[in-house]
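*Asks:* Per our numbering, the sequence shown starts with residue 455, numbered consecutively.
Don't be surprised by glycine CBs; every beta carbon is placed ideally from N, CA and C.
Only a predicted model underlies this, so the values are computations on that prediction, with no experimental measurement involved.
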Amino acid sequence: MEEQLVRMDEKGRVLIPAEIRRSLGLKGLVRMRVEGGRVILEAMRNPLEELTSLVVDKSGDVERNIMGLREGAEKALEALIHEDADRA
């Protein structure tokens, strides 16, 4: 992709050209950081979409998904209980 010159408005806003947004998958939520004098933008998934995909995947097998989440939560709880017991 070739370099493009863009303008920053008086409020510090920069419009990222559509071609760049599409190629990087930039949508509603973007992580931004400054690194080595450069502004770095990273595409992020919407947290609500992420949670929804954990609960109900494309297969529609809700019971299996709920069981998987329950098992994961039980393992995490057991680990916390063991950590607390080890500290005591």
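For V484, collect the residues of the same chain with a Cβ closer than 8 angstroms to its Cβ; drop the 5 residues on either side in sequence, then sort them by chain order.
*Replies:* Around V484: L495, E496, A497, M498.
*Asks:* For L516, list the residues DSSP reports as bridge partners.
*Replies:* First, the residue type needs correcting, since residue 516 is Val and not Leu in the sequence shown. According to DSSP, which records beta bridges pairwise, V516 is partnered with nothing at all.
*Asks:* Output the distance between the C-alpha atoms of L459 and E503, rounded to the nearest integer angstrom.
*Replies:* The straight-line gap from Cα to Cα measures roughly 33 angstroms.
*Asks:* Taking just the CA atoms, how far does S507 sit from P501?
*Replies:* Going from the Cα of P501 to the Cα of S507 covers about 10 angstroms.
*Asks:* Do you know offhand how far R476's Cα is from E457's?
*Replies:* Roughly 16 angstroms between the two C-alpha positions.
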